């Protein structure tokens, strides 16, 4: 959970609600009920937690710690493909130690957002009988805690990262080769997010190239990757897809993952249309389904 | 027709065979017989013209003029999305004046490669009963001869240009809006080529997003656009698609153009695997069909 202050060629926004947990859980909640674990400071608006609850998002795992909420200040320029971080105030996030309730520990679908890989592994060890684990990471951990990250990756089913991170993690600039290397590290599938150019899925033998939905105007790309992950995991959870399917029915597994990627791409296309989670908060199912339908038309021969 | 000297991060090549005509006609010849009109200097290897003839490419319209063949020296760096021109020696191309035989004038499918829009229009006026006209252009003409280009565009059915050119021609950076503007200038369909990110087709009401085939290693992107156009037009000519189909059966028109775009993307993916037309010259139908099959798997949910 975070407050973000963001400048883009389209404008600026101060202290808007953000954070992986927000993007992910709102996106996933279109498919399934969600339980989140995270931390906020005493400055965090209670109404927002209430709003999340109203959307079938269980926020009992959101701890309120003494101090301020994580605050990120960033800037995008040019094609907005990469953010430049101006300030990172970790605040209460600095000593975040995810606490899982009995209920959390029974979650069949687990998404490990981009935190210290040691914490990711700790969470994973507490969840007893998961059916599918999807994980994100970033440059900071790939260079800073490579061994810990590799330990975590051994226990992860699907890794969802962006192209720069995939190159850094694998030491390969060619993304097809990069994905192969990453799959040797543990994950049976890899999704490489490519911003406005869509996503590549490596599951089974043949890759899947999903375009991004071409939005009229990108206002703020922050959170697009987390939104993608939310709809992706949400779709798989909604369809009851577990890692066992990869062996039992490889075609069905591949097909489900492809649909999940498309689901992720569509949801992310809404996020970038406004600052923070604004657009996602006002999104309704009719609008989502209409875009889904259009998108399928746009990508089918 | 040209000799190119090219430097890319993958290496360099001196005086290799190139030129729109070469890329286009070899690509198109996989679908239909081709007639080319162009000019070479006295230094141009006759064996190459003979090789083209052996591939069902009628080179009787290739004039040999006193002097040297067009020579381009260019360099690509980084992601190789844009060439930096180091030298352009127009040579015999400077006074190129396309001469069409009676046979040329009966061609049902016309591709106007990237030359002076006045010459494009002249050619078009000579061809009597064409069924479909596809046109290319570039920044040099868009800024240098905008009025002439607009006259030409009024008579063109499909414009095939890259994203930078589309933005320049339309004055719009958003490519969806750019395509709309360009279609108001005359073409009933627009293909915007996006290099390694594929191509966008605007035909009928809904756009089509075609990815590029992800090659293991891009050696030289020169000619990818012309190769794309060759397979695109070749596919349409092979399928007997004329501009009339757009009104008669909009669905069939759109579907045919989508298939043609995919055909173009696949063919272009071979061109970039080596310098100049080398890869295209050694390409066989089996290899092409195998990649086509793989590509369709990669883009289908």
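Residue numbers (the working numbering), protein chains in the order written: chain A, 1 to 301; chain B, 1001 to 1301.
Yeah, the Cβ is synthetic: ideal placement off N, Cα and C, and Gly gets one too.
Fair warning: this is a prediction, and the values are worked out from it, not measured in the lab.
Determine, using beta carbons only, whether residue i comes closer than 8 Å to chain A.
i                      : result
residue 1162 (chain B) : no
residue 1266 (chain B) : no
residue 1301 (chain B) : yes
residue 1325 (chain B) : No statement about residue 1325 (chain B) is possible, as the shown extent of chain B runs from 1001 to 1301 and does not include it.
residue 1009 (chain B) : no
residue 1262 (chain B) : yes
Would you decide whether residue i is buried or exposed? Buried here means 16 or more other CB atoms lie within 10 Å of its CB.
i                      : result
residue 193 (chain A)  : buried
residue 35 (chain A)   : buried
residue 1114 (chain B) : buried
residue 1126 (chain B) : exposed
residue 95 (chain A)   : exposed
residue 1226 (chain B) : buried
residue 1252 (chain B) : exposed
residue 1102 (chain B) : exposed
residue 91 (chain A)   : buried
residue 1136 (chain B) : buried
residue 42 (chain A)   : exposed
residue 1004 (chain B) : buried
residue 1290 (chain B) : exposed
residue 149 (chain A)  : buried
residue 1069 (chain B) : buried
residue 157 (chain A)  : buried
residue 1086 (chain B) : exposed
residue 1222 (chain B) : buried
residue 1301 (chain B) : exposed
residue 78 (chain A)   : exposed
residue 128 (chain A)  : exposed
residue 105 (chain A)  : exposed
residue 1258 (chain B) : buried
Quick one: list the residues of chain B neighbouring residue i, beta-carbon separation under 9 Å, in chain order.
i                     : result
residue 206 (chain A) : 1294, 1297, 1298
residue 209 (chain A) : 1198, 1211, 1212, 1213, 1214, 1295, 1298, 1299
Given residue i, which residues of its chain have a CB within under 8 Å of its CB, disregarding the five upstream and five downstream residues?
i                      : result
residue 164 (chain A)  : 82, 139
residue 1151 (chain B) : 1117, 1121
residue 130 (chain A)  : 107, 108, 109, 110, 124
For residue i, return the contacting residues in chain A, with the cut-off set at a CB-CB distance below 7 Å.
i                      : result
residue 1258 (chain B) : 301
I want to verify the contact list: residues of chain A whose CB lies under 8 Å from the CB of residue i, in sequence order.
i                      : result
residue 1015 (chain B) : Per Cβ cutoff of 8 Å: no residues; residue 1015 (chain B) is ~29 Å from chain A at best.
residue 1217 (chain B) : 174
Is there a Cβ of chain B sitting closer than 8 Å to that of residue i, yes or no?
i                     : result
residue 214 (chain A) : yes
Can you name the residues of chain A whose CB is closer than 9 Å to the CB of residue i?
i                      : result
residue 1192 (chain B) : The contacting residues do not exist; residue 1192 (chain B) stays about 11 Å from chain A at best.
Is the closest heavy atom of the ligand SAH to the C-beta of residue i under 7 Å?
i                      : result
residue 1252 (chain B) : In the structure on display, the ligand SAH does not appear, and there are no ligands present to speak of.
Starting from the C-beta of residue i, find all residues in its chain whose C-beta is less than 7 Å away, skip the five residues before and the five after it, and write them out in chain order.
i                      : result
residue 1275 (chain B) : 1006, 1013, 1016, 1219, 1220
residue 57 (chain A)   : 25, 29, 34, 36
residue 1308 (chain B) : What is shown of chain B runs 1001 to 1301, which leaves residue 1308 (chain B) out entirely.
residue 342 (chain A)  : The shown model of chain A, from 1 to 301, leaves out residue 342 (chain A), and the question about it has no answer.
residue 204 (chain A)  : 250, 253, 254
residue 45 (chain A)   : none
CB-CB under 6 Å to residue i, same chain, minus the five flanking residues each way: which ones, in chain order?
i                      : result
residue 1019 (chain B) : 1001, 1002
residue 1298 (chain B) : none
residue 1076 (chain B) : 1008, 1083
residue 63 (chain A)   : 39
Suppose only complete runs of 4+ residues qualify. What are the alpha helix (DSSP H) ranges in the region 1152–1183 of chain B, listed by chain order?
Listed in chain order, the alpha helix (DSSP H) elements of length 4 or more contained wholly in the region 1152–1183 of chain B are 1163–1170.
Restricting to runs no shorter than 4 residues, where is the alpha helix (DSSP H) found entirely within the region 25–103 of chain A?
46–54
What beta strand (DSSP E) runs, 3 residues minimum, are completely inside the region 1182–1242 of chain B?
1189–1193, 1199–1203, 1208–1210
Scan the region 240–298 of chain A and note each continuous beta strand (DSSP E) run of 3 residues or more that stays entirely inside, going in chain order.
With a minimum length of 3 residues, there is no unbroken run of beta strand (DSSP E) contained wholly in the region 240–298 of chain A.
Which complete beta strand (DSSP E) runs does the region 104–152 of chain A hold, if anything under 3 residues is left out?
109–112, 132–135
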